[in-house]
Every structure is written in C-alpha cells, then in structure tokens.
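Structure record follows, encoded as structure tokens.
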Amino acid sequence: MKTRCMKNIKIANEIMSILTHPKAGNLKSDLRFRREVTILTFSVTPSPFNDQELADLLEILNLPRQMEMEEYYWSLLGESKSDDNLHVVARMIDDASASVEDNTLTLKITRKDA
Amino acid sequence: MSLPKNLTKPWSSQARLSLLFIWAALTLIIAFSYQDPTMWSSFIKLNLSPAILITDYVEAFGASAALLNAAVVLIINVLILLALKMQLSGLLYAAIFTVYGFSFLGMNTVNLLPIYLGGFLYAKYMKLDFKAVVLISIIAGTVGPIISHVMFGYGITSVFTIVLGSVVGIVLGFLVTPLGRHYLKFHDGFNLYNVGFTGGLIAILYDAIARRLGFEAVRVRIIYEQHDIRLIILTVVSILFFFIIGLLFEERPFNHLKGIFKSSGRAISDFVVLGGFHATHLNMALVGVMSTVLVFMLGGVLNGLTLSGVFTIIGFGAFGKHPKNILPVILGAIISTVLTGLPLSSTTSIISILFATTLAPIAGVYGFGWGLVAGFLHIFIVNHVGMFYSGLNLYNNGFAGGLGTGFLIILISLVQKEKTS
Chain G
178 MKTRCMKNIK IANEIMSILT HPKAGNLKSD LRFRREVTIL TFSVTPSPFN DQELADLLEI
238 LNLPRQMEME EYYWSLLGES KSDDNLHVVA RMIDDASASV EDNTLTLKIT RKDA
Chain W
192 MSLPKNLTKP WSSQARLSLL FIWAALTLII AFSYQDPTMW SSFIKLNLSP AILITDYVEA
252 FGASAALLNA AVVLIINVLI LLALKMQLSG LLYAAIFTVY GFSFLGMNTV NLLPIYLGGF
312 LYAKYMKLDF KAVVLISIIA GTVGPIISHV MFGYGITSVF TIVLGSVVGI VLGFLVTPLG
372 RHYLKFHDGF NLYNVGFTGG LIAILYDAIA RRLGFEAVRV RIIYEQHDIR LIILTVVSIL
432 FFFIIGLLFE ERPFNHLKGI FKSSGRAISD FVVLGGFHAT HLNMALVGVM STVLVFMLGG
492 VLNGLTLSGV FTIIGFGAFG KHPKNILPVI LGAIISTVLT GLPLSSTTSI ISILFATTLA
552 PIAGVYGFGW GLVAGFLHIF IVNHVGMFYS GLNLYNNGFA GGLGTGFLII LISLVQKEKT
612 S
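As you go down the protein sequences, you meet chains G and W in turn.
Take the first sequence: its letters are residues 178 to 291, numbered as in my numbering.
Take the second sequence: its letters are residues 192 to 612, numbered as in my numbering.
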C-alpha cells in the first residue's frame with residue numbers, strides 16, 4: 178500500500194514539474210485512490226504547451242505500460258526536471274488524456290493497480 | 192514495393208524472441224567446429240571454477256567450452272523469458288546480450304541460477320509477478336564471482352560450500368532489485384550499467400567481511416591474447432544476423448532510426464518502443480560494427496573480455512546506446528588512455544574504452560563535450576576501483592561509471608547554472 182502511494186506521489190511530482198512554468202498562475206492536482214485504480218488529474222492556467230507540444234507529451238505518456246521497467250526505475254521519478262523522466266511515467270500508467278478549455282490545460286492520468 | 196501479406200503480418204513477441212535460438216545455434220555450431228575432445232569436461236570445470244575477475248574463459252577453459260557455456264546460458268535465459276511470456280523491450284535485449292557476453296568472462300549456469308531464484312523469491316515477497324524483476328535478475332549475474340568463489344574458491348569445496356554459495360546467491364538475487372533501484376538515484380539514471388554499480392557496492396561489503404574472517408579473494412589475470420578466426424566469425428555473423436533481422440519485412444527500416452538517434456540514452460530509453468523492433472536491430476548492428484572495428488583498430492584481439500564488451504554494447508543498442516552518444520565517450524576514453532601512457536592495444540585498455548559507453552547518456556543529454564569529459568574521467572576511475580572488491584564484481588566499469596557519473600552530473604549542473612545566470 179505504501180509503495181503504491183509512493184509511486185503515485187512520484188508520478189504526480191513529475192507531472193507537476195513538467196506543468197510548472199514561469200507564467201503558470203494556477204496549478205491544481207487531484208489524486209483519487211479507488212479500489213484498483215488511481216486517477217490523477219492536473220489543471221494548469223495558462224497552458225504551458227502549444228498544440229504540437231501537447232500532442233508530443235501525450236504520445237510519450239501513452240507509450241505502453243511495462244511492469245519490468247516500473248519496478249526498477251520508478252525511484253528515478255521526482256529527481257529531476259528532465260523530459261526523459263516522462264518515459265518512466267509512461268511505463269507506469271495505463272492512459273493519459275488532455276483537454277484545453279479557456280486556456281486551462283487539464284491532464285488526466287489513469288493508473289491501474291498491477 | 193509492397194510486401195506479401197503473410198510477410199507484413201506482425202510477429203508475436205514470442206516469435207521474435209525465438210529468433211535468438213538461431214544465434215544460440217550459431218554459437219553451438221562454432222563451439223563444435225573446434226572438435227575439441229575436452230570440450231564437455233572443460234565446460235564442467237568452467238562451471239565449477241571460482242570465476243573471479245579476470246578469468247577469460249577462452250584462455251582458461253578453451254574457446255569451445257567458453258562458446259558452449261555462452262550458448263547454454265543464452266538458451267536457458269531465452270527459455271525462461273519465453274515461459275514468462277515476456278513483452279519485448281530494450282531492457283530485455285540489454286539483459287540477454289550482457290549475460291551472453293559475460294558468459295565468456297565469469298558467468299555460468301551454476302552462479303546465475305541462485306540469483307534468479309533470489310529474484311523469484313523477492314517477487315513473491317513483494318506480491319509481484321516474476322516478470323517484473325526477471326530482467327534485473329538476469330543482469331545481476333555481475334555478482335556471480337561471489338557465488339562461485341564461496342562454492343569453489345577457497346580450496347575446500349564440499350556440499351557445505353556449495354549450499355552456502357547457493358544461499359549467498361539467493362540472498363544477493365533477492366536484494367539486487369531494491370538495492371539497484373535505490374542506487375539509481377546516485378547517478379540519476381546516467382550510468383547504464385547501474386547493476387554493475389550496485390554489484391560493486393555489494394562486492395565491497397562481501398569482500399570486507401570475507402577478508403575479516405580470513406577468506407581473502409585473490410584477483411587473477413587470465414587473458415587470451417591471440418586472434419581466433421572462429422571468434423571473429425561468431426562476432427561478424429552475429430552482427431550480420433541482427434542487421435538482417437533489422438531489414439527483414441520492413442519497407443523503410445532506416446527511417447525509424449531517427450527516433451533512436453534523437454534519444455538521449457538516459458534511463459528509460461527503450462529503443463524497441465522509440466524506433467520499433469527492426470530499427471532497434473539495425474542500431475544494435477551499427478554499434479556492434481563500431482565496437483568490433485574499434486577493437487581491431489586499437490590493435491586488440493577478440494577474446495573473452497572483448498567479446499563481453501562488444502556483445503554488451505550490442506545489447507544496450509536496444510536500451511540507451513547509439514552511434515551518436517557513444518562516440519564522444521569512446522573518444523574521451525581513448526584520449527585518456529593515450530595521455531596516461533596506458534597501452535592502447537592491451538585487452539584491459541580496450542575493454543575499459545568499450546565499457547566507457549556506460550556513460551553514453553551524459554553525451555546524449557549534455558552534448559559531445561561532456562561526453563568526452565565523461566569518457567576521459569572514466570579511464571582513471573576504472574583502473575583504480577577493481578582493488579576495492581578483489582575482482583568479485585564482473586561489471587567493474589559499471590561500478591566505475593556510477594562513481595564518476597555521481598560526481599560529474601553535479602559538476603555539470605553547477606557549470607550550467609553559472610552559464611544560465
């Protein structure tokens with residue numbers, strides 16, 4: 178249970194690092210722990226990404242989940258702001274989606290328990 | 192040109208993984224081609240040896256026994272991965288090729304299996320599928336000499352020492368995943384051979400205890416120093432085989448290489464995901480050609496040590512290494528070797544240069560110059576650290592790489608902060 182929470186917190190930490198930018202006026206995170214799934218939702222105003230950057234971000238985050246990577250590499254999360262860490266996040270999550278409304282980016286991440 | 196439908200149908204992971212049996216068959220054919228009547232007895236002796244660094248199995252037990260060992264280890268590992276129905280990944284290739292390469296230099300079935308059992312028990316303890324840790328368990332053969340040394344290294348081999356060695360192996364296999372995960376943070380994923388760094392720290396601890404109890408391990412230096420045409424054929428045909436897999440049934444495989452070359456190489460850089468199965472094999476063949484040519488350019492020979500270097504680089508050609516990020520590190524290591532007066536053509540210099548590519552992510556993230564510095568620094572460290580653990584950690588360069596990187600990334604971040612401000 179503790180490891181599950183730690184992994185989710187590290188994922189949230191990494192995503193917030195990516196979403197934080199000098200002009201960010203408002204950044205919210207919402208972590209919902211359900212029976213077999215955790216849903217992490219982030220919203221940031223204004224959106225730090227243009228359309229292409231957002232598409233690239235989602236492409237990385239939706240790379241296939243890989244348990245054999247997760248178990249060993251999850252400790253890397255939260256240690257730096259490098260984009261490489263997004264690849265670690267991608268191997269630990271099942272789905273990522275995003276929407277932009279009134280210049281607010283909402284990013285939703287779903288992670289099922291293994 | 193459109194390809195026939197049956198050829199464009201995607202292969203399953205299991206079918207693709209099974210291609211490695213062709214490579215194992217090639218290794219066996221070459222092993223048997225020696226027609227060495229002592230091959231089987233030497234193979235048994237190899238498995239019952241202390242395996243301490245530097246024991247080049249080609250010199251110590253003959254090329255045929257060394258090749259037989261590599262083929263057996265490869266077949267066992269592929270069978271395990273097939274039984275677990277593993278998804279193909281860059282880490283899988285890195286693990287398989289590393290263990291194949293080091294089967295010429297210290298790894299064998301006897302010292303690997305207890306580690307796997309330890310990994311299996313760790314997975315059960317953590318309520319995980321064994322799939323989640325098996326690849327790290329495979330790479331963890333770096334501590335194989337500790338196990339072999341407990342079993343056969345003190346001149347008093349008995350059922351007790353064999354059981355004790357097995358227990359030590361199981362404990363190490365159990366611990367290596369959580370320890371490795373913790374030590375990753377030391378270098379922030381910039382040292383590709385992190386298990387070597389972990390193995391080095393484990394070996395220092397073991398060596399300190401063993402010495403205190405009067406069981407000192409003594410480093411050896413057994414190196415094959417001649418050209419062997421069959422080992423050259425093995426390397427060239429293997430690389431050709433990976434190149435052909437890269438080209439097979441893919442219309443524009445070279446296009447996908449761009450995705451791989453853009454990658455920094457820092458963990459996790461899984462080229463199977465970033466570039467696809469075929470482009471990954473092309474990249475593996477490319478770095479394989481680079482490393483093999485380098486061995487000959489520097490005046491070296493393909494022996495157990497350099498084979499371990501070449502095949503490990505080929506494996507990490509699926510998980511972090513590509514020509515762009517290994518070149519600066521190799522150049523830095525060569526310059527360092529020359530300036531410090533070390534003989535370039537000696538096997539130990541060549542493997543230090545080859546394995547300096549563990550630092551490829553530094554070049555990938557921070558650029559050519561820092562890659563050069565990383566390679567330069569690596570030679571100083573790697574020539575010093577072996578004494579810390581009496582040759583009981585096979586990935587000596589992984590340990591040295593971890594130490595150097597832990598220092599270097601802090602230095603780089605300070606310099607870059609100065610530049611920014």
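Beta carbons are placed, not taken as given, at the ideal position from N, Cα and C, and that holds for glycine.
Would you mind telling me which residues of chain G sit closer than 7 angstroms to residue i, beta carbon to beta carbon, in chain order?
{"i": "residue 282 of chain W", "result": "245 and 246"}
{"i": "residue 602 of chain W", "result": "Within chain G, no residue comes near residue 602 of chain W; the closest Cβ sits about 15 angstroms away, beyond 7 angstroms."}
Please list the partners that residue i has in chain G, where partner means a Cβ-to-Cβ separation under 8 angstroms.
{"i": "residue 322 of chain W", "result": "244 and 245"}
Residues of chain W with a CB under 9 angstroms from the CB of residue i: which are they?
{"i": "residue 235 of chain G", "result": "Here the premise fails: no neighbours, minimum Cβ distance about 15 angstroms."}
{"i": "residue 265 of chain G", "result": "380, 458 and 459"}
DSSP puts residue i in a beta bridge; with which residues?
{"i": "residue 327 of chain G", "result": "Only positions 178 to 291 of chain G appear in the structure, and residue 327 of chain G is not among them; the question remains open."}
{"i": "residue 210 of chain G", "result": "G:215"}
{"i": "residue 299 of chain W", "result": "The partner list for residue 299 of chain W (beta bridge, DSSP) is empty, contrary to what the question assumes."}
{"i": "residue 289 of chain G", "result": "G:214"}
{"i": "residue 205 of chain G", "result": "G:220"}
{"i": "residue 246 of chain W", "result": "W:413"}
So which residues of chain W does residue i contact, with C-beta pairs closer than 8 angstroms?
{"i": "residue 241 of chain G", "result": "278 and 464"}
List the residues of chain G whose Cβ lies closer than 9 angstroms to the Cβ of residue i, in chain order.
{"i": "residue 503 of chain W", "result": "Under the 9 angstroms cutoff, chain G gives no residues; its nearest Cβ is about 18 angstroms from residue 503 of chain W."}
{"i": "residue 287 of chain W", "result": "Going along chain G, no residue has its Cβ under 9 angstroms from residue 287 of chain W, so there is no contact; the nearest lies around 13 angstroms."}
Whose Cβ in chain W lies nearer than 7 angstroms to the Cβ of residue i?
{"i": "residue 292 of chain G", "result": "Residue 292 of chain G is absent from the structure shown; chain G starts at 178 and stops at 291."}
{"i": "residue 268 of chain G", "result": "459"}
If we ignore side chains and look at the alpha-carbon of each, how far apart do residue i and residue j end up?
{"i": "residue 211 of chain W", "j": "residue 269 of chain W", "result": "7 angstroms"}
{"i": "residue 390 of chain W", "j": "residue 515 of chain W", "result": "28 angstroms"}
{"i": "residue 365 of chain W", "j": "residue 189 of chain G", "result": "29 angstroms"}
{"i": "residue 263 of chain W", "j": "residue 216 of chain W", "result": "10 angstroms"}
{"i": "residue 626 of chain W", "j": "residue 442 of chain W", "result": "Chain W is shown only over 192 to 612; residue 626 of chain W falls outside these bounds and no answer can be derived."}
{"i": "residue 363 of chain W", "j": "residue 330 of chain W", "result": "12 angstroms"}
{"i": "residue 271 of chain W", "j": "residue 607 of chain W", "result": "45 angstroms"}
{"i": "residue 433 of chain W", "j": "residue 213 of chain W", "result": "11 angstroms"}
{"i": "residue 260 of chain G", "j": "residue 195 of chain G", "result": "8 angstroms"}
{"i": "residue 182 of chain G", "j": "residue 255 of chain G", "result": "14 angstroms"}
{"i": "residue 193 of chain W", "j": "residue 602 of chain W", "result": "Interpretation of residue 193 of chain W is limited by its pLDDT of 47, a score under 50 that renders its predicted location unreliable; the figure taken from the coordinates is listed afterwards. Whole-angstrom Cα-Cα distance: 52 angstroms."}
{"i": "residue 614 of chain W", "j": "residue 312 of chain W", "result": "Summary: the structure shown does not reach residue 614 of chain W, with chain W confined to residues 192 through 612, and so no result is reported for it."}
{"i": "residue 335 of chain W", "j": "residue 240 of chain W", "result": "11 angstroms"}
{"i": "residue 541 of chain W", "j": "residue 535 of chain W", "result": "7 angstroms"}
{"i": "residue 152 of chain G", "j": "residue 184 of chain G", "result": "Outside the displayed span of chain G (178 to 291) sits residue 152 of chain G, for which this structure offers no information."}
{"i": "residue 193 of chain G", "j": "residue 280 of chain W", "result": "28 angstroms"}
{"i": "residue 179 of chain G", "j": "residue 328 of chain W", "result": "24 angstroms"}
{"i": "residue 377 of chain W", "j": "residue 451 of chain W", "result": "26 angstroms"}
{"i": "residue 195 of chain W", "j": "residue 203 of chain W", "result": "Annotation note: pLDDT 48 at residue 195 of chain W (below 50); position unreliable, coordinate value reported separately. Straight-line Cα distance between these residues: approximately 18 angstroms."}
{"i": "residue 260 of chain W", "j": "residue 238 of chain W", "result": "8 angstroms"}
{"i": "residue 361 of chain W", "j": "residue 512 of chain W", "result": "31 angstroms"}
{"i": "residue 248 of chain W", "j": "residue 429 of chain W", "result": "20 angstroms"}
{"i": "residue 519 of chain W", "j": "residue 439 of chain W", "result": "31 angstroms"}
{"i": "residue 478 of chain W", "j": "residue 517 of chain W", "result": "8 angstroms"}
{"i": "residue 322 of chain W", "j": "residue 369 of chain W", "result": "15 angstroms"}
{"i": "residue 401 of chain W", "j": "residue 290 of chain G", "result": "42 angstroms"}
{"i": "residue 265 of chain G", "j": "residue 604 of chain W", "result": "21 angstroms"}
{"i": "residue 463 of chain W", "j": "residue 447 of chain W", "result": "10 angstroms"}
{"i": "residue 550 of chain W", "j": "residue 562 of chain W", "result": "7 angstroms"}
{"i": "residue 235 of chain W", "j": "residue 244 of chain W", "result": "19 angstroms"}
{"i": "residue 559 of chain W", "j": "residue 538 of chain W", "result": "26 angstroms"}
{"i": "residue 496 of chain W", "j": "residue 488 of chain W", "result": "16 angstroms"}
{"i": "residue 221 of chain G", "j": "residue 227 of chain G", "result": "13 angstroms"}
{"i": "residue 233 of chain G", "j": "residue 268 of chain G", "result": "16 angstroms"}
{"i": "residue 471 of chain W", "j": "residue 380 of chain W", "result": "21 angstroms"}
{"i": "residue 521 of chain W", "j": "residue 545 of chain W", "result": "7 angstroms"}
Compute every distance between the C-beta of residue i and the non-hydrogen atoms of the ligand MN, then say whether any falls below 6 angstroms.
{"i": "residue 574 of chain W", "result": "With respect to the ligand MN, the structure offers nothing, as it holds no ligand at all."}
Next on the checklist: By the 7 angstroms beta-carbon criterion, what residues does the stretch 264-278 of chain W contribute toward chain G?
Outcome noted: 278
Checklist entry - Can you list, in chain order, the residues of the stretch 362-395 of chain W whose Cβ is nearer than 8 angstroms to any Cβ on chain G? => result 368, 371, 372, 373, 375, 376, 379 and 380
Checklist entry - Quick one: complete alpha helix (DSSP H) runs, 4+ long, within the stretch 391-446 of chain W? => result 420-438
Item to check | Chain-ordered residues of the stretch 320-349 of chain W with a beta carbon less than 9 angstroms from chain G | outcome: 320, 322, 323, 324, 325, 326 and 327
Checklist entry - What runs of the alpha helix (DSSP H), each 4 residues or longer, lie entirely inside the stretch 457-522 of chain W? => result 462-465, 468-488 and 495-507
Checklist entry - What runs of the alpha helix (DSSP H), each 4 residues or longer, lie entirely inside the stretch 556-583 of chain W? => result 559-576
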